[in-house]
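2 protein chains.
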Amino acid sequence: MNINVTFLPAEVSDIDLSNTVCIILDIFRATTSITTAMANGCKAIYPVVSVEEAHAQAVQTGLCLLAGERQSIKIDGFDLGNSPYEFSKDVVESRHIIMTTTNGTVAIRAAQGSYRTLIGSFLNAHAVCKKVLEYGNDVLLVCAGTDRMFSLEDALCAGFLVDIIHRAATEARLTDAACAAQLMYLQAKDGLIATAKNSRNGKRLCEINHQDDVEYCFQKDIIEVVPEYKDGVIFLKQS
Amino acid sequence: MNINVTFLPAEVSDIDLSNTVCIILDIFRATTSITTAMANGCKAIYPVVSVEEAHAQAVQTGLCLLAGERQSIKIDGFDLGNSPYEFSKDVVESRHIIMTTTNGTVAIRAAQGSYRTLIGSFLNAHAVCKKVLEYGNDVLLVCAGTDRMFSLEDALCAGFLVDIIHRAATEARLTDAACAAQLMYLQAKDGLIATAKNSRNGKRLCEINHQDDVEYCFQKDIIEVVPEYKDGVIFLKQS
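Protein chains in written order, with our numbering: chain A, 2 to 240; chain B, 2 to 240.
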C-alpha cells in the first residue's frame, strides 16, 4: 500500500488513479459540511462550481436545497451557506442538496478515474481510514487548497489521516508529500486549533465571527459516516 | 515582510515577484553543488536544462567545464557529475561551469522577474537569511521538487530558512505554506539525516552509493557565500 498526498488539485493530473482510493479534503468548510450533512440524514449532495451550474442542476434534479458561499458569505437566494452548523438534522434530513464549492468541487473532479472517491475531514477521520484499510488499495489524500494555493488546514488533516493509516499499516510506503504532511501534523497536534486560527482561511473565518466553525472543523472523530462521490453525486453507501 | 514557500515551481507563476527576493532550493544536489563550487572559487555557473543547451552554451561561452547528470550518473563526455564533492577547489577555482540540472533550472527560471534570485542550501542557510534580512523585502522560498513532484529535502530546507528568518524578524507574516514548512522542519530537525535518507531522492542516492552526498547536503552553515542568479548566470557579488 502506498500513501500519497497532493497539496494542490493540479498535482493530481500526473497520477494514474485507477487502483487508488482518493480522499478529498476541503476542511474549511466544504468536506466538513458535507460530512455533517450526510451524518444528519441528507440523501445526496451534488457538488458544483458555479452559481449558474447550481441553478441548472436544481432544474434537473427537482426539489432540493441550494447551499453555497462566496467570500464565506451565503449566496443571495440560497437556502444555506457553507457553515457546518447550518446542515442540522431538522434542515437536511431526507433532503437533496446542491452545493457550490469552488475548491472542493475542483478537488473532487481532479480525482476523476479513481477506484473510489471518499469525502474526508477531521470529523470522520478514523471512519475514513478504516474504510481505506478495508479496501487495501493505494491511497491519495487530495487537499483542495484555496484558489490554487496551499491551505494549511487541508494539509494538517492529510497529515492526521497519514498518521492513522500508517500506524495501522506500518508496512505502507509514504511518499515525500505524505511524510511532510505527517511531520507537520505531529508538530502541530498539541495546538491544532491555535494553528488553524492562525492559517489564512482560519483568520478570515475568525474575522467574520465564524471562530466556532474553525473549532467545529477541527474536532476529531465525532462522526462515523464516510460519504462517497461517484458520477456527480455524494451519497452514503448502505453497508 | 512576508515569508512564502512554493513546494513546486509551477506555483510561482501566479505570484507577482517584482518586490520579492527568491531563494532557489534544489538540495539533492544542484543548489548544494552550486554553493560548494562558488565557495571554492568558481567564477560563474550557467544553469541549463538539456545536454544540447549545455553544448550550445559551451560554444558561446568558450573554455569552461561541463557538469551534469541523468539518473544521478555523470553525463557521458562531461567533466563533472552533480555530486558536491566533485566541485573541489583544485577543479573549479577560477573556472566557468555550464551545469545541466532539470529541476534546479526550472525553479530558477520560475523566479524570473524577481527583485533578486539567490541560491540556497543547508550549507549557506544563515548567510542567505542574513542577506534576506538586509534586503528587508518579501521572500519566496522556491522548492525545485523532482519532475513536478514534491521533494521532502527541499521543503525541509525551506522550513529551516523560514525558522531562521522568523526568529530574527518575529513580525514577519508567514503564509500557510511557510508555516507548513516550518512545522515539518521543527518536527524532523533532531533526525534530519535519517529523514533525508528515507526521502525518495535520498533513498536513490543511497542505492547508488552516494550516502555521503546525502550527509554532505544536510550540513548546516558550513559556507558563508550567497550565490546570485541574474540573466542566465550564477555569480558571487563582490561586497
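The beta carbon of each residue, even a glycine, is placed where N, CA and C say it ideally should be.
Within the continuous beta strand (DSSP E) that includes residue i, where are the two ends?
i       : result
G121(B) : 117 to 121
D139(A) : 139 to 144
S46(B)  : Checking the displayed sequence, the identity of residue 46(B) turns out to be Ile instead of Ser. Here the beta strand (DSSP E) through I46(B) covers 45 to 49.
Y230(B) : 229 to 231
N202(B) : Note, N202(B): premise wrong, no beta strand (DSSP E); alpha helix (DSSP H) at 201 to 208.
G105(B) : Run containing G105(B): none in the beta strand (DSSP E); it sits in the alpha helix (DSSP H), 103 to 111.
A11(A)  : Segment: none, A11(A) is in no beta strand (DSSP E) and carries neither H nor E.
V22(A)  : 21 to 26
E53(A)  : Run containing E53(A): none in the beta strand (DSSP E); it sits in the alpha helix (DSSP H), 52 to 62.
V234(B) : 234 to 236
E70(A)  : 66 to 71
Between residue i and chain A, is any beta-carbon pair separated by less than 7 Å?
i       : result
S200(B) : yes
Q72(B)  : no
M242(B) : The question about residue 242(B) has no answer here: the residues shown for chain B are numbered 2 through 240.
D177(B) : yes
S152(B) : yes
A189(B) : yes
A242(B) : No information on residue 242(B) is available, as it lies outside the stretch 2 to 240 that chain B covers here.
A156(B) : yes
If you drop the 5 nearest sequence neighbours on each side, which residues of the same chain put their C-beta closer than 8 Å to that of residue i?
i       : result
I194(B) : V215, E216, F219
T176(A) : N3, I4, N5, V6
H211(B) : S73, S84
A112(A) : V13, L18, C23, I25, T118, L141, V143, Y230
I209(A) : S73, I74
D164(A) : Q183, Y186, L187
K90(A)  : N41, G42
If you drop the 5 nearest sequence neighbours on each side, which residues of the same chain put their C-beta closer than 6 Å to that of residue i?
i       : result
I46(B)  : I35, I98, M100, I235
R71(B)  : none
A38(A)  : F88, V93
E230(B) : The question names Glu, yet the displayed sequence has Tyr at residue 230(B). Cβ neighbours of Y230(B) beyond the five flanking positions: I109, T118.
T196(B) : A189
D1(B)   : Nothing in the structure corresponds to residue 1(B), since chain B is present only between 2 and 240.
A178(A) : V6
Is the Cβ of residue i closer than 7 Å to any Cβ of chain B?
i       : result
I180(A) : The sequence shown places Cys at residue 180(A), not Ile. C180(A) counts as touching chain B.
D139(A) : no
D27(A)  : no
L193(A) : no
So the alpha helix (DSSP H) residue i belongs to, where does it begin and stop?
i       : result
E154(B) : 153 to 169
K190(A) : Premise fails: K190(A) is in no alpha helix (DSSP H) and is neither H nor E.
I35(A)  : 31 to 40
C218(A) : 212 to 218
C130(B) : 126 to 136
E172(A) : That residue, E172(A), is in no alpha helix (DSSP H); it is neither H nor E in DSSP.
D91(A)  : 90 to 93
Once you ignore the five residues that flank residue i on each side, which residues in its own chain have a CB closer than 7 Å to its CB?
i       : result
T1(B)   : Any property of residue 1(B) remains undetermined from this structure, which presents chain B solely from 2 to 240.
I223(A) : L124
A55(B)  : V49, L67, G69, I99, T101
D77(B)  : none
V227(A) : L119, N125, A128, V129, K132
Q58(A)  : Y47, V49, I99
S30(B)  : The identity of residue 30(B) in the sequence shown is Arg, whereas the question assumes Ser. Excluding positions up to five away in sequence, the list reads N83, S84, P85, D214, C218.
A159(A) : V6, L26, L142, C144, A182
Task: Cβ contact check for the region 54 to 67 of chain A and the region 93 to 110 of chain A: 3 or more pairs under 8 Å - done: yes
Task: Any 3 or more C-beta pairs closer than 8 Å across the region 17 to 30 of chain B and the region 134 to 142 of chain B - done: yes
Open item on the list: Can you pull out the residues from the region 211 to 225 of chain B whose beta carbon lies closer than 8 Å to at least one beta carbon of chain A?
Closed with: none
TODO: Determine contact between the region 149 to 168 of chain A and the region 187 to 202 of chain A, defined as no fewer than three beta-carbon pairs at a distance below 8 Å.
DONE: yes
TODO: Report the residues of the region 5 to 26 of chain B with a CB closer than 9 Å to any CB of chain A, ordered along the chain.
DONE: V6, T7, F8, L9, A11, E12, D15
Task: Near-chain A residues of the region 30 to 41 of chain B (beta-carbon distance less than 7 Å), N- to C-terminal order - done: none
Open item on the list: For the region 116 to 137 of chain A, list every residue whose C-beta sits within 9 Å of some C-beta in chain B, in sequence order.
Closed with: none
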